[in-house]
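To start, the structure under review is shown below, and the notes come after it.
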Amino acid sequence: MRAKASKDGLTLRVITGTNNALLAMDLSDSKRDNCLGFSIERTDLDTGDRRWLPNMLQFPSDPDPKWITTARAPLQKFRWGDYTIEPGKRYRYRAVARYGRATDILHEGIGAEKPGAFDVISGGAIVEVKAENSREDHTAVFFNRGAAASEAYVRKFGDNDPSKIPEALIWLSRGLEEAILAFLAKAVDGQFAMHAAVYEFQKPNLLDGLQQASKRGVDVKVIYHARDKGGEDKTREKNEAAIASSKMTFAKPREADPQGAIMHNKFVVLLRKDGGGVLQPIAVWTGSTNWTDGGIYGQLNVGHAIYDAAIAEKYEAYFQLLSQDLSATKSRLALEELTPVPSGVDKLEHGITPIFSPQSSIDMIKLYAEICQRAKVLLVSAPFALHPEIRKVLKQAAPGTLRFLMADKEGSFGTKGEIEIMEGDPGNAAAVATVLDTPLNDYQGRLLEHSEGFHHAGVHIHSKIIAADPFGIEPILVTGSANFSNNSTRINDSNSLIVRGDTAIMDIYATEFMRMFEHYWFRYKRAQKEEEAKKSGKSLNTVLALKEDSSWSDPFYVPASKEMLDRQAFAGLVV
0 MRAKASKDGL TLRVITGTNN ALLAMDLSDS KRDNCLGFSI ERTDLDTGDR RWLPNMLQFP
60 SDPDPKWITT ARAPLQKFRW GDYTIEPGKR YRYRAVARYG RATDILHEGI GAEKPGAFDV
120 ISGGAIVEVK AENSREDHTA VFFNRGAAAS EAYVRKFGDN DPSKIPEALI WLSRGLEEAI
180 LAFLAKAVDG QFAMHAAVYE FQKPNLLDGL QQASKRGVDV KVIYHARDKG GEDKTREKNE
240 AAIASSKMTF AKPREADPQG AIMHNKFVVL LRKDGGGVLQ PIAVWTGSTN WTDGGIYGQL
300 NVGHAIYDAA IAEKYEAYFQ LLSQDLSATK SRLALEELTP VPSGVDKLEH GITPIFSPQS
360 SIDMIKLYAE ICQRAKVLLV SAPFALHPEI RKVLKQAAPG TLRFLMADKE GSFGTKGEIE
420 IMEGDPGNAA AVATVLDTPL NDYQGRLLEH SEGFHHAGVH IHSKIIAADP FGIEPILVTG
480 SANFSNNSTR INDSNSLIVR GDTAIMDIYA TEFMRMFEHY WFRYKRAQKE EEAKKSGKSL
540 NTVLALKEDS SWSDPFYVPA SKEMLDRQAF AGLVV
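Okay, so the sequence shown: first residue is 0 according to numbering that gives the first Met the number 0, each after it adds one.
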């Protein structure tokens with residue numbers, strides 16, 4: 000949901016997903032003088048709970064409180080994320096521009112932090128919003144936390160290994176595991192069928208979800224990756240060991256040549272008998288999540304349930320092709336007929352367009368490159384190496400373009416030199432998954448190095464996302480299991496969804512993307528500075544604090560600067 004309000008030269012725009020809200024402020028140039036930032040209050044309209052949003056920085060004169068809020072330490076930026084909202088709930092946000100001396104703002108803020116004293120800080124722009132609800136069919140999108148070494152984890156569970164804390168695993172899943180099981184439970188009896196194609200098919204309770212469905216009389220069929228690449232890739236062995244342990248009898252291997260190809264899907268089609276007793280596809284679960292502990296508790300992943308019979312029918316046809324265990328050559332011909340690639344963005348229909356791999360050409364890559372090239376604001380999440388066609392576009396940003404690029408490794412964007420070229424553009428901001436030495440990271444590292452398959456070892460960002468003009472009225476989202484590479488397009492079995500014009504779905508993806516981007520961007524930049532300091536023989540002892548004058552806002556009003564583009568894009572001034 001999106002909402003916007005203005006008062007006295009201050010504009011507040013709020014964009015809500017299911018678990019996150021992005022808040023964007025804009026301030027008239029004439030109102031900047033002596034403004035030291037923004038205090039933001041949130042009210043839960045369902046419970047009446049009021050609170051000031053936190054800040055990570057404080058004024059140098061602050062007596063170093065344990066919990067810093069924006070009442071005493073105003074935000075000195077024009078964008079902020081509230082990552083503590085709940086699906087389907089209603090909230091009111093109030094943003095107040097704070098003027099005066101830092102000592103006076105601090106004193107007033109300390110007073111406003113006392114119980115019932117919120118109105119000590121008066122005025123401001125007010126917006127009411129409702130979080131998207133993942134329990135509703137149209138917005139059934141589930142992201143796990145994927146938050147390696149997050150401060151939120153430490154605050155909640157201490158600096159402890161999550162494998163010993165069941166509640167911590169539930170927190171890391173954040174409903175993703177539960178959503179898979181809930182989708183499987185929708186097949187209640189013999190009137191239903193479920194057809195699943197899953198690459199890494201290993202998590203016992205998810206396999207048991209299918210077993211329980213079978214016991215209810217549901218017609219269950221499974222296709223799993225069973226190609227034998229040899230060497231270190233033990234995915235087939237792990238899949239078959241899990242299947243044997245579950246005593247499953249309805250799983251079929253995908254093993255046709257080429258052996259180096261991956262059956263990279265993670266989808267389940269739900270079917271129900273019509274009045275004539277014929278099974279008809281009614282929904283599909285898809286996304287980037289493998290059925291492993293690493294997929295649920297480690298990597299950043301998404302699961303997306305689509306309750307659209309026409310889309311489910313396409314996936315069912317794909318399942319039937321996979322069940323024939325065709326070679327890649329024969330699969331390409333069938334899939335190009337089943338899900339033809341639109342010849343360009345202008346030919347892309349509103350709604351959902353599925354595209355299945357392998358394909359004979361790179362037309363889908365060219366389409367994605369065009370989507371990226373035409374976007375004024377772009378978000379890209381890349382677990383693996385992007386195709387050169389897409390990298391070329393990312394290195395040539397048009398003036399006024401703003402791009403956020405999130406990668407698992409620098410190599411996702413090409414060579415080290417290429418990512419430096421991208422970062423050199425004033426409209427590009429890049430973040431790479433940078434982890435810290437903590438018990439949480441050790442646990443996730445063990446999952447991703449040992450429990451995961453060969454291709455996913457050490458991967459922290461596994462979601463595949465292209466979000467073009469996400470905050471406009473005509474957004475385009477690309478998501479699924481395909482990862483925008485040559486192998487994913489021309490060799491592997493995989494699936495993508497292009498969603499055009501659906502702002503509710505985009506808001507969920509965009510707010511989740513920005514949550515993780517901000518999480519890793521700070522660490523990535525910190526690591527870069529530490530490396531530079533190390534090379535020069537210096538130590539990095541940077542203490543960050545709020546400025547005590549209005550100069551903090553100057554970069555956000557420099558024409559064509561990254562800061563100005565950011566302020567305008569999130570405030571809705573760039574369509």
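Ideal placement from N, C-alpha and C gives every residue a C-beta, glycine not left out.
Which of the three DSSP states is assigned to residue i in this structure?
i      : result
ILE169 : helix
THR248 : coil
VAL340 : coil
ASP118 : helix
ASP218 : strand
HIS454 : Because HIS454 sits at a pLDDT of 49, beneath the cut-off of 50, its placement in the model cannot be relied upon, and the point is left open.
LYS365 : helix
ILE329 : First, the residue type needs correcting, since residue 329 is Lys and not Ile in the sequence shown. It is helical.
GLU127 : strand
PHE383 : coil
PHE470 : coil
ALA148 : Note that ALA148 scores a pLDDT of 49, beneath 50, so its modelled location is shaky; the value from the coordinates is reported in the next line. Looking at ALA148 - three-state DSSP - the assignment turns out to be coil, as it is neither helix nor strand.
Buried or exposed: which applies to residue i, given that a residue is buried once 16 or more other Cβ atoms fall within 10 Å of its Cβ?
i      : result
SER244 : exposed
ASN19  : buried
ASP32  : exposed
THR328 : exposed
ALA167 : buried
GLU336 : exposed
GLY216 : exposed
VAL498 : buried
GLU348 : exposed
MET55  : exposed
SER121 : exposed
ALA559 : exposed
LEU180 : exposed
MET465 : In the sequence under discussion, the amino acid at residue 465 is Ile, which differs from the Met named in the question. With 16 or more Cβ atoms within 10 Å of its Cβ, ILE465 is classed as buried.
ARG652 : Here the chain covers residues 0 to 574 and nothing more, so residue 652 does not appear.
ASP273 : exposed
Cα separation between residue i and residue j?
i      : j      : result
MET262 : GLU236 : 14 Å
PHE200 : MET193 : 15 Å
ASP292 : LEU105 : 46 Å
GLN190 : VAL219 : 12 Å
ALA428 : SER380 : 12 Å
LYS555 : PHE412 : For the sequence presented, residue 555 should be read as Phe rather than Lys. For PHE555 and PHE412, the distance between alpha carbons rounds to 27 Å.
LEU44  : THR83  : 14 Å
SER359 : THR338 : 12 Å
GLY16  : PHE141 : 11 Å
GLY294 : ASP501 : 27 Å
ARG253 : GLN372 : 36 Å
VAL187 : GLN211 : 10 Å
GLN57  : ILE67  : 7 Å
GLY452 : LYS233 : Residue confidence is low: GLY452 scores 48 on pLDDT, short of 50, so the model does not pin down where it sits. Its coordinate-derived value is still stated next. So the two alpha carbons sit approximately 7 Å from each other.
LYS534 : ARG489 : 42 Å
SER493 : ILE389 : 18 Å
HIS386 : LEU332 : 22 Å
ASP28  : PRO341 : 44 Å
GLU562 : ASN482 : 30 Å
ALA178 : LEU35  : 43 Å
ALA384 : HIS461 : 12 Å
PHE303 : PHE117 : For the record, residue 303 in the displayed sequence is His; it is not Phe. About 39 Å.
Strictly by DSSP, which residues pair up with residue i?
i      : result
LYS272 : LEU278
GLU348 : Paired residue(s): none; GLU348 is not in a bridge.
TYR519 : In the DSSP output, where bridge partners are listed per residue, TYR519 has none listed.
ALA4   : LEU11
CYS34  : TYR98
GLU40  : TRP51 and ARG93
PHE191 : ARG271
HIS23  : Reading the sequence as shown, one finds Ala at residue 23 and not His. Paired residues: ARG12 and ARG78.
LEU377 : ARG402 and ALA467
VAL283 : VAL268 and ILE305
Report back the beta-carbon spacing between residue i and residue j to the nearest angstrom; my notes put them in contact at under 8 Å.
i      : j      : result
PRO280 : TYR306 : So it is not a contact: roughly 11 Å between Cβ atoms.
PHE516 : ARG78  : Not confirmed; about 11 Å, so no contact.
GLY571 : LYS30  : With 8 Å as the limit, GLY571 and LYS30 do not qualify as a contact, their Cβ atoms being about 18 Å apart.
ALA111 : ALA70  : 4 Å
ILE287 : SER480 : For the record, residue 287 in the displayed sequence is Ser; it is not Ile. About 6 Å; that satisfies the 8 Å criterion.
PHE182 : VAL267 : 7 Å
GLN298 : HIS459 : 6 Å
LEU206 : MET247 : 6 Å
ALA255 : LEU334 : Actually they are not in contact, since the Cβ atoms of ALA255 and LEU334 sit about 14 Å apart, beyond 8 Å.
Would residue i pass as an interface residue toward chain C - the criterion being a Cβ-Cβ separation below 7 Å?
i      : result
LYS113 : This model lacks chain C altogether; it includes just one protein chain.
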